[in-house]
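Numbering (my numbering), first residue to last: 810 to 1439.
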Ligand code: COA
Ligand code: AMP
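Here it is as structure tokens:
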């Protein structure tokens, strides 16, 4: 069938389409129907079925005779170690861990926070939770204690599973002290913590609260899979919104598996036995969907890569991993390819490796710039496929469905809507605009299986953030247009979210932290263009009158505050002090104008600006720190 046929097939009978796809997973009790729309505009899928994610990701492959196939390959250029775990071994490890968690009282519906680096144990912890019907929430290691504390208070976990440390190329990240500090800061206290001691750093355990990963599994009975309802939350993943309070995206069990399983073949063109590699981190949605659950549910081999695109040890690392493990489909962020291209512009290092196993390079997480796509395609000699999605959707809204029918690539576009998504470009009043016209990108409700049914403990926020603005639609928060062939172009966010090295960050959250500095009267954070990371945050600080400390000191302290409270991942390294923020006469900060000045892009003076002279001051302050960059 062609893509057009598959899409038309879905559109003609969405429920029939998703009931058919649901047959690809194992059920303890199949659902009576696909869509549960009784609470529209809140929708759920497969709610009355019974199933278990861990069974589908692990046990069933062993039962089907794939036990000796590698399920996970841990490739860590940082430690120099590579280690394979077969499906049989994974089953044994996950059952034992789940048994130990169960013995400590973790059961269906309990929340468990996982704070771990790129080691197989992170996936094992996720799968062990799934085995018991516990709801995990993985927190990215680059977040600081404060961010961890915010998540602890929001999802009130019974347990935290952490590693003693993470390894960045230039330093050991001390996870355990961060966990201790977060628990100290949070109001909710977990019953216990499980610590996986890495040999690079053995953490001090707190008696009565902390348990050793291996020790607490000794002598326990392995746990079997607990069947859960199709709408049972599989996990909560926090993502940046417009404020310092992150949004807890809920993923429900059955739709998650059905949708991911469908994408493995349709989008990524891999099947059981193939090696699939997403070079991201388990702390992000890409890591949830395509390091852990997607490849494992589909019976592939997944790679857990603990390294960076460059510097571990060089810009040839990606190609070495592809050769060593015969990777068929490789997925990363455009930033990572830009980093490689910067170090190895001629792509010479690729010539050192046998890349014949590689069929396609997939990019997502941020806008893929044409230069990067062309460079990668030219040197790798495989299709480079941009695809667009979000933490909220969990899988691609738009892609080039390589396993259905490779469509012509239009550079600059993540291609076309996937079955399940009726994507519309709307004007401010909610009317669809003409092809080629820019507007808010929205998806007609209901969203397909595997997408968010709501936010943890925040239904009103869910409705307000996504449903209220355009009734009958899900508002993606992205703006763009569609061409006459239905190809989408994603141009910008419509909110204050920025994208730094493929990481989604809230400028609002940074502003809240800057505003807490005693000398800061008012502030704004915007995203400015960066050749490597796509965007980086830039702060504008207005100081209290009478502040007699040097601007340099205040800026330094502000940079340190953001790093301490959000974490290094925020990459907040630059700020300037100005007299006033540029505003409209009604008091709205002119962020877009500030960003254009920083990027050196021409702009029309906003008619409603209260004091145009302030823009000259901004231009001067920015030029002192090298902006706009040539
Ligand atoms: N734990 C602790 N700290 C972390 C971390 C982790 N898991 N991941 C990143 N950090 C730190 C980094 O060490 C860095 O700290 P620094 O300010 O002391 O240098 C900071 O957070 C910013 O990290 P990052 O954005 O990764 O930048 P970088 O300069 O270390 O590396 C790239 C640049 C391009 C190589 C890197 O951004 C990259 O690999 N990006 C790929 C993006 C990606 O996979 N995104 C996932 C979505 S698909
Ligand atoms: P996250 O939730 O972290 O995955 O970030 C999702 C956001 O990243 C989207 O809403 C977009 O703004 C941006 N994004 C992701 N993929 C793409 C893409 N292929 N092209 C353009 N923007 C993208």
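Glycine included, each C-beta is placed from N, C-alpha and C at the ideal position.
These figures come from a predicted structure and were not determined experimentally.
Report the partner residues of residue 1137 according to the DSSP bridge assignment.
-> Per DSSP, none; premise fails for residue 1137.
Out of curiosity, what's the CA-to-CA distance linking residue 1046 and residue 1365?
-> 32 Å
Around the C-beta of residue 993, are 16 or more other C-beta atoms found within 10 angstroms, so that it is buried, or is it exposed?
-> exposed
List the whole-angstrom C-beta distance separating residue 1027 from residue 911, where the pair is believed to meet the contact cut-off of C-beta under 8 Å.
-> In fact, because the Cβ distance is near 15 Å, the residues do not count as touching under 8 Å.
Identify, in the order they occur along the chain, each residue of the same chain with its Cβ nearer than 6 Å to the Cβ of residue 1096, setting aside the five sequence neighbours on each side.
-> 1089 and 1090
N- and C-terminal bounds of the beta strand (DSSP E) containing residue 1248 | 1248 to 1253
Indicate whether the contact test is met: 3 or more Cβ pairs, each with one atom in the stretch 1311 to 1321 and one in the stretch 1240 to 1252, closer than 8 Å.
-> Contact between the stretch 1311 to 1321 and the stretch 1240 to 1252 is absent, because fewer than three Cβ pairs lie under 8 Å.
Any heavy atom of the ligand AMP closer than 7 Å to the CB of residue 1302?
-> yes
Under three-state DSSP, which class holds residue 1171?
-> The three-state reading of DSSP puts residue 1171 in strand, counting E and B together.
Can you name, in chain order, every residue of its own chain whose Cβ lies under 6 Å from the Cβ of residue 1392, other than the five neighbours on each side?
-> Correct list, in chain order: 1398 and 1419.
Taking the alpha-carbon positions, what's the residue 1106 to residue 914 distance?
-> 27 Å
Beta-carbon spacing of residue 1204, residue 1198 below 8 Å | yes
For residue 1331, I'd like the list of residues in its chain whose CB is within less than 7 Å of its CB, leaving aside the five on either flank, ordered along the chain.
-> 1351 and 1390
State the DSSP-derived secondary structure class of residue 977, mapped to helix, strand or coil.
-> In the structure shown, the three-state DSSP call for residue 977 is strand.
Anyone know if the C-beta pair for residue 1286 and residue 1303 falls short of 8 Å?
-> yes
Hey, is residue 1311 close to the ligand COA, as in C-beta under 7 Å from one of its heavy atoms?
-> yes
For residue 1336, which residues does DSSP report across the bridge?
-> 1346
May I ask which residues mark the beginning and end of the alpha helix (DSSP H) holding residue 1035?
-> No alpha helix (DSSP H) holds residue 1035; DSSP gives it neither H nor E.
Take residue 1223 and list the residues in its own chain whose beta-carbon comes closer than 7 Å to its own, dropping the five residues that flank it on each side.
-> 1195, 1196, 1197, 1207, 1208, 1297 and 1299
Given a cut-off of 8 Å, decide if residue 926 and residue 1115 are closer than it, judged by their beta-carbon atoms.
-> yes
For residue 948, which of 1378, 1407 and 1289 has the nearest alpha-carbon?
-> The option with the nearest alpha carbon to residue 948 is 1378.
Residue 982: CB within 7 Å of a non-hydrogen atom of the ligand COA = yes
Can residue 1223 be considered in contact with the ligand AMP, in the sense that its beta carbon sits closer than 7 Å to one or more heavy atoms?
-> yes
Along the chain, which unbroken stretches of the beta strand (DSSP E) at least 3 residues long are found entirely within the stretch 1205 to 1238?
-> 1232 to 1235
Given a cut-off of 8 Å, decide if residue 1257 and residue 1043 are closer than it, judged by their beta-carbon atoms.
-> Annotated as distal: residue 1043 and residue 1257, with beta-carbon spacing of 8 Å or more.
Ranges of the beta strand (DSSP E) found wholly within the stretch 1076 to 1156, counting only runs of at least 3 | 1084 to 1087, 1110 to 1114 and 1138 to 1141
Entirely enclosed alpha helix (DSSP H) segments - the stretch 883 to 961, minimum 4 residues | 896 to 912 and 929 to 941
Sequence-distant residues of the same chain with beta carbon closer than 7 Å to residue 897, five excluded per side = 871, 876 and 877
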